[in-house]
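Quick notes on the structure that follows.
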Amino acid sequence: MPPLSLLGIYLALLCLSVLALKDMHMRLPVAAQAGQAVALSCQYDLEGSQLYSIKWYRDDAEFYSFVPKEQPATRLYPDQGIAVDLARSDSNNVTLLNVTRSQGGFYKCEVSADMPYFHTGIKTEYLTVFEPPSRKPDLTVEKLSGGAVRANCSSGPSYPAANITWFIDNVEHRPGPAVHVHGGGDQDEWSSSTLRLEAKAVAKAARSLRCEASVYSVWRRASDDAPLRADHPQLAPVRGAASDCEQCPTNGCKSNKAASMTSGSPND
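Here the sequence shown stands for residues -20 to -1, 1 to 248, where the numbers follow mature numbering (1 follows the signal peptide of the UniProt record, and there is no 0).
Have a look at this one:
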């Protein structure tokens, strides 16, 4: 066979093998909470070829595989310490159960097409596992001389440290970054933030204050609302004074009622 024909066959086979697996991507949450289930997804297009296998790895250690031609098609590797929900795992998805902080890391899916090409594609993504605080943040408010207010919001322990956001009358307020106290190594961290409101700000609008602790966009808890000042007393409506007339002499009540009718609008 002429060399050009061999080259043409080789290029054709090469193109077919490349087309055998495309549009491959992984889907996983931004962060997973420790103790909960996590769904990982690996999507791909075999371009008409059959799937030979899909294998999942954490930090290059295989923990789950799906091979359609084998019986059973699924295989687990329990020595990796990762629990898998087989009922929610298949040729595209794998569901991890009761994840722990130590199980965060790089997760990889490896997809192989069946014969004759056995083309293989690999995608890797990082999974973060966090441990949130065990309760809502603590808010303390101190009223200073002159009408100013100083508040402190603390949250923790957690991993990583929680972010703290302030709300004044349900409107977000950013006084500055929170202070994070690190326990060292992989230990938990505490968060603390202090807010000071001057008397003018308190008197002008501020009625209530709260803070919110969040870890990534997954976990969020708010403190109880703390009142900053009491509302000004409201004056009673003019017509509300009529109830006082029940104890006055009859003639006086008639005169007051007449005065009220005289001063009212025609539509009253």
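Ideal placement from N, C-alpha and C gives every residue a C-beta, glycine not left out.
Residue environment, residue i, which counts as buried when at least 16 other CB atoms sit within 10 Å
i: valine 159; result: exposed
i: glutamine 83; result: buried
i: glycine 136; result: buried
i: proline 52; result: exposed
i: valine 151; result: exposed
i: serine 125; result: exposed
i: glutamate 192; result: buried
i: proline 213; result: Summary for proline 213: the model assigns pLDDT 41, below 50, so the residue's position carries little reliability; its value from the coordinates is reported in the next sentence. Counting Cβ neighbours within 10 Å, proline 213 comes out exposed, since fewer than 16 surround it.
i: residue 331; result: Coverage of the chain is limited to positions -20 through 248, which leaves residue 331 absent and any answer about it impossible.
i: serine 114; result: exposed
i: glycine 101; result: buried
Where residue i sits in the DSSP three-state scheme
i: glycine 136; result: strand
i: proline 207; result: strand
i: leucine 26; result: coil
i: alanine 93; result: strand
i: asparagine 236; result: Its pLDDT being 40, under 50, asparagine 236 is placed unreliably in this model, and the coordinates cannot settle the point.
i: aspartate 59; result: helix
i: glycine 127; result: helix
i: arginine 7; result: strand
i: glutamine 13; result: strand
i: serine 69; result: coil
i: serine 114; result: coil
Cβ-Cβ distance between residue i and residue j below 8 Å
i: leucine 189; j: alanine 202; result: no
i: threonine 120; j: alanine 131; result: yes
i: alanine 128; j: leucine 177; result: yes
i: arginine 81; j: tyrosine 37; result: no
i: arginine 7; j: glutamine 30; result: no
i: tyrosine 196; j: phenylalanine 110; result: yes
i: glutamine 16; j: valine 79; result: yes
i: tyrosine 32; j: aspartate 94; result: yes
i: tyrosine 87; j: leucine 56; result: no
Member of the options whose CA lies at the smallest distance from the CA of residue i
i: lysine 35; options: Pro96, Ser92 and Phe110; result: Ser92
i: tryptophan 170; options: Glu90, Gly101, Ala141 and Phe147; result: Ala141
i: aspartate 59; options: Cys191, Ala41 and Val74; result: Ala41
i: asparagine 72; options: Ile62, Cys89 and Val182; result: Cys89
i: threonine 104; options: Asp39, Ser194, Met95 and Lys184; result: Asp39
i: alanine 67; options: Met95, Phe86, Ala19 and Gly85; result: Ala19
i: lysine 2; options: Pro48, Glu27 and Lys49; result: Glu27
i: aspartate 118; options: Cys133, Lys184, Trp199 and Thr54; result: Cys133
i: tryptophan 199; options: Met4, Ile62 and Ala11; result: Ala11
i: valine 47; options: Ser114, Arg154, Asp70 and Ile148; result: Asp70
i: leucine 76; options: Ser172, Phe147, Ile148 and Ser21; result: Ser21
i: valine 161; options: Asn143, Thr100 and Asp149; result: Asn143
i: glycine 85; options: Lys116, Pro9, Asp65 and Glu122; result: Pro9
i: residue 261; options: Ile148, Met4, His5 and Glu122; result: The question about residue 261 has no answer, for the chain in this structure spans -20 to 248.
Near the ligand GDP: residue i beta-carbon under 7 Å from a heavy atom
i: valine 10; result: The ligand GDP is not part of this structure, which contains no ligands at all.
Exercise for the section: For the stretch 148 to 202, list the alpha helix (DSSP H) runs that are entirely contained and at least 4 residues long, ordered along the chain. Expected result: Note on the stretch 148 to 202: whole alpha helix (DSSP H) runs with a minimum of 4 residues are 179 to 184, in chain order.
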